[in-house]
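Working notes, beginning with the structure itself.
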Amino acid sequence: QVQLVESGGGVVQAGGSLRLSCAASGSIGSFNYMGWFRQAPGRQREWVTHITSAGSTSYVNSVKGRFTISRDNARTVFLQMSSLKPEDTAVYYCYADARASRYWGQGTQVTVSS
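Residue -1 in this note's numbering sits at position 6 of the sequence shown; the count goes up by one each step and never skips.
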């Protein structure tokens, strides 16, 4: 059983920063990808970023230059979010891909006030 636990969400003013964390546990070797989706109220879930096991990263255009994803080991990933905008307000979900399966965290709320 694989479990992803997120932390670090909260309320911040526009222009501020937050750092999200996602820690994976369970009997699985490693993940090919770890990353984040987000879902704003009334909108579909949107892919935000991922990092591969080799450390390659990719971002949706709307967060490039403001968000940075990183890993400190095979099971923990971080999302540093800076210059936050009200449109970044959403529930952020961590995910991890391994062995043709995708695992999800429970989500953490990020609210950016104007």
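Virtual Cβ for every residue (Gly too), placed ideally from N, Cα, C.
If you draw a straight line from the C-alpha of ARG68 to the C-alpha of ALA17, how long is it?
Locating residue 68 in the sequence shown gives position 75, where the first residue counts as 1. Locating residue 17 in the sequence shown gives position 24, where the first residue counts as 1. Each residue's alpha carbon lies about 5 Å from the other.
What do you reckon, are the CB atoms on TYR85 and ARG31 nearer than 7 Å?
For the purposes of this step, residue 85 is taken as residue 92 along the sequence shown, with counting starting at 1. For the purposes of this step, residue 31 is taken as residue 38 along the sequence shown, with counting starting at 1. Yes; because the gap between Cβ atoms is below 7 Å, this pair is in contact.
Where SER55 sits in the DSSP three-state scheme
For this step, residue 55 is matched to residue 62 along the sequence shown. If DSSP states are grouped into helix, strand and coil, SER55 belongs with the helices.
To which residues does DSSP link GLN73 through a beta bridge?
Taking the sequence shown and counting its residues from 1, the one referred to as residue 73 is at position 80. DSSP, once it has assigned bridges, lists ARG12, THR61 as partnering GLN73.
Quick check: what's the CA-CA separation for GLN(-6) versus GLY2?
Here residue -6 is taken as the residue at index 1 of the sequence shown, counted from 1. Here residue 2 is taken as the residue at index 9 of the sequence shown, counted from 1. Rounded to the nearest angstrom, the two C-alpha atoms are 25 Å apart.
Cβ neighbours of GLY98 in the same chain (closer than 8 Å, five flanking residues each side left out)
Counting from 1 along the sequence shown, the entry for residue 98 is found at position 105. Closer than 8 Å at Cβ, skipping near neighbours: LEU(-3), VAL(-2), GLU(-1), CYS15, TYR86, CYS87, TYR88.
Just to confirm, are GLN75 and SER10 a CB contact at a threshold of 7 Å?
In the sequence shown, residue 75 corresponds to position 82, counting from 1. In the sequence shown, residue 10 corresponds to position 17, counting from 1. Note that residue 75 corresponds to Ser in the displayed sequence, not to Gln. In this structure, SER10 lies closer than 7 Å to SER75 by Cβ.
Ends of the beta strand (DSSP E) at GLN(-4)?
On the sequence shown, residue -4 is found 3 positions in, with the first residue counted as 1. For GLN(-4), the uninterrupted beta strand (DSSP E) segment begins and ends at -4 to 0.
Option in LEU77, VAL56, GLN102, TYR26 with minimal Cα separation from HIS43:
Translated into positions along the sequence shown, residue 43 becomes position 50. If we check each option's Cα against that of HIS43, TYR26 comes out closest.
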